[in-house]
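Per this note's numbering, residue 42 is the first one in the sequence shown, and the count goes up by one each step.
Every residue, glycine too, gets a C-beta built ideally from N, C-alpha and C.
Worksheet for the structure shown next.
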Amino acid sequence: MPWLQVRLAISPEQAETYEDALLEVGAVSVTFMDAEDQPIFEPDLNTTPLWSHTHLLALFEADAEPEAVFAHLQLLTGADLPEHQAEVIEDQDWERSWMDGFQPMRFGQRLWIVPSWHDAPEKDAVNLLLDPGLAFGTGTHPTTALCLEWLDGQALQGTQVLDFGCGSGILAIAALLLGAREAVGTDIDVQAIEA
């Protein structure tokens with residue numbers, strides 16, 4: 042089933058107004074996306090930090106008329122609409138689409154971080170199964186990647202490791218898999234504790 046996707050270029054101050062208006066007009070889903078390339082690392086729990094230039098995307102049933110949606114939005118907000126567009130998109134397996142963005146990643150000579158829905162690329166390698174979540178530490182951030190690569194190159198047999206600011210615990214777990222005798226992870230970030 043196809044969907045009508047509406048995109049608005051908004052500022053953070055406009056976010057709540059347009060999110061509410063889109064839902065009132067019949068959007069079945071509303072998503073905030075980065076309009077540029079401005080990362081937001083580790084937002085506070087239960088917050089929705091936004092980028093200075095944000096795209097607000099809304100999905101409507103395929104029979105929704107873009108002109109009617111835009112007219113209702115203008116009426117509800119009482120303001121001229123920001124830059125906007127509408128397009129029809131084909132349905133897809135949305136969960137699978139999200140998961141496809143996370144592929145196994147290699148660090149050093151023998152360490153792989155592998156999402157649970159993938160097979161390990163090298164069965165005899167050191168494979169750490171880890172699904173992306175709220176906490177910092179999936180291997181995608183440059184500092185985590187450098188630490189994983191460094192760990193892979195060390196002789197860790199029998200060592201003790203402290204993962205300070207552990208996020209998901211990825212470095213402590215990797216150290217154990219690579220031969221460390223003991224690893225302790227600690228963090229004060231609520232998202233890390235909940236993860």
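The Cβ-Cβ distance between A213 and L197 does not fall below 8 Å. For W191, the enclosing alpha helix (DSSP H) starts and ends at 183-193. Note that the C-beta distance between R48 and L98 is below 8 Å. The alpha-carbon of V231 is positioned some 20 Å away from that of T181. Approximately 18 Å separates the beta-carbon atoms of A76 and L100; this is outside 8 Å, ruling out the contact. Assignment of alpha helix (DSSP H) within the segment 79-158, counting only whole runs of 4 or more residues, yields 107-118, 135-141 in chain order. Annotated three-state conformation of D230 is coil, per DSSP. For T58, the enclosing alpha helix (DSSP H) starts and ends at 56-66. Ranking V66, M74, D61 by CA distance to the CA of A50 puts M74 first.
Per DSSP, L217 is one residue of the alpha helix (DSSP H) stretching across 211-218. A direct Cα-Cα distance of roughly 49 Å separates V167 from T58.
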